Structures are given as C-alpha cells and as structure tokens.
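A.B. asks:
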Amino acid sequence: FWGIMESDVLLAAASRAIIIGFNIRPEPKATALAEQQGVDVRLYTIIYDAIADIKAAMEGLLEPSLKERVLGRAEVRQVFMIPKVGAVAGAYVVDGLISRTSAGVRVIRDNVVVYQGKFGSLRRFKDDVREVREGLECGIRLEGFDDVKEGDIFEAIKVEEVKRTL
Numbered sequence: 092f093w094g095i096m097e098s099d100v101l102l103a104a105a106s107r108a109i110i111i112g113f114n115i116r117p118e119p120k121a122t123a124l125a126e127q128q129g130v131d132v133r134l135y136t137i138i139y140d141a142i143a144d145i146k147a148a149m150e151g152l153l154e155p156s157l158k159e160r161v162l163g164r165a166e167v168r169q170v171f172m173i174p175k176v177g178a179v180a181g182a183y184v185v186d187g188l189i190s191r192t193s194a195g196v197r198v199i200r201d202n203v204v205v206y207q208g209k210f211g212s213l214r215r216f217k218d219d220v221r222e223v224r225e226g227l228e229c230g231i232r233l234e235g236f237d238d239v240k241e242g243d244i245f246e247a248i249k250v251e252e253v254k255r256t257l
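Note that my numbering has the sequence shown beginning at 92, numbered continuously upward.
1. List in chain order: all unbroken beta strand (DSSP E) runs of 3+ residues lying wholly within the region 114-151.
2. Which stretch, first to last residue, makes up the beta strand (DSSP E) that contains residue 186?
3. Nearest to residue 159 by alpha carbon, out of 212, 94 and 193?
4. What residue does the beta strand (DSSP E) around residue 58 start on, and which one ends it?
5. Give a yes or no on whether the minimum CB-CB distance between residue 192 and chain D is below 8 Å.
6. Take the Cβ of residue 245 as the centre, count every other Cβ of all protein chains shown within 10 Å, and call the residue buried at 16 or more, exposed below.
7. Among the candidates 102, 190, 106 and 239, whose CA atom is the shortest distance from the CA of residue 121?
8. What are the boundary residues of the alpha helix (DSSP H) that includes residue 157?
9. When we look at the beta-carbon of residue 190 and count the other beta-carbons within 10 Å, is it buried (16 or more) or exposed?
10. With which residues is residue 212 paired in a DSSP beta bridge?
11. Quick one: give me the first and last residue of the beta strand (DSSP E) that residue 222 is part of.
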C-alpha cells in the first residue's frame, strides 16, 4: 500500500478534485505541495465518516428544486377602469389568503392561465393592506396587466426552494 504522494496531489490539482485517504497518511512533500496548490486532503479512519462526508458534499452540489404553493384564490366580481392607473379588479377571496408580498399571482380564465406576474396593489376599502383573508372583498391591481374580466380567478402563489437529497 502506498501513501498519498506528490503525483496524487498534482493530479488532484489539475482536475480540481479533493484527495480522500482511508487509513493512510500523506508524505511530507505531498502535504506541502497540497497546501501550495490548494488541494483539499481529507483523511479518515472510520469508513462511515468518509461516506457521510462525501454524501454531504454531493448533496451540496445539487441545485434546489422549486416547489410552487397556492396561498389563496380570489374571484373577480367587477372591474373598474381608473384613469392613469388602469384596471382594478373588485374581488372576493374564495379560499386561503391573498398576500401582496407573495411571490406572484396567476390569472386563470376558463381554466387557462392568461397571465402570471406580480400584484401592483392590494386594497381593502381605501387602505393599502398586505393580505386579505378568505371571505373578504378587496381591490386588486396587477403590474403590467389590464385585461381583467369578471369571473377571472386570481391565484396568489409562492415559490419555495426545496433542498434535494440523494
């Protein structure tokens, strides 16, 4: 059996890899070269520690997956055209809650998504509000979308990152 040698360090430096040693030690010249080249040398005496460490490193390389969650739905009851502002939807929150700070909104017309974007404003009577709960009415204006019609459904959505595992 051989220890970790200078050639191992040079190979790891060239391929931007780490060196994993199990029940072996690096030569003194290899240790100095590894520090100079910036090569990570990890030494283990227990195989389960090595496996756990490698698995954690591999999971860290995985991109998180995105999961979409519907916070609430509102039905457009009436549309008001306001000069210099645009279309404001008078809506009734059917379920959940409509939150202006959510990741976005989706407009559904006849079971087809016609717009996906952000809330412009959310009002209850004349007050700006952050959220409106189920069973209440509100005024909703969308950023960059004025083609709102009665019967449209607004879905407040939030996109969450989910850490992937092996």
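We put the CB at the ideal spot given by N, CA and C, even for glycine.
Remember, it's a predicted structure, so these values are computed and weren't measured experimentally.
C.D. replies: To lay it out plainly:
1. 132-135
2. Mapped onto the sequence shown, residue 186 falls at position 95. Start and end: 177-190.
3. The sequence position of residue 159 within the sequence shown is 68, counting from 1. Of 212, 94 and 193, the residue nearest in Cα terms is 193.
4. Any question about residue 58 goes unanswered here, given that the chain covers just 92 to 257.
5. Of the protein chains in the structure, only one exists, and it is not chain D.
6. Position 154 of the sequence shown holds residue 245. Buried is the call here.
7. On the sequence shown, residue 121 is found 30 positions in, with the first residue counted as 1. Nearest of 102, 190, 106 and 239 to residue 121, Cα basis: 102.
8. In the sequence shown, residue 157 corresponds to position 66, counting from 1. Here residue 157 belongs to no alpha helix (DSSP H); instead the beta strand (DSSP E) covers 156-173.
9. On the sequence shown, residue 190 is found 99 positions in, with the first residue counted as 1. It is buried - the Cβ of residue 190 has at least 16 other Cβ atoms within 10 Å.
10. On the sequence shown, position 121 is the one that residue 212 refers to. Its beta-bridge partners are 232.
11. Reading the sequence shown from its first residue, position 131 is the one you call residue 222. Taken as a continuous stretch (DSSP letters only), the beta strand (DSSP E) holding residue 222 covers 222-224.
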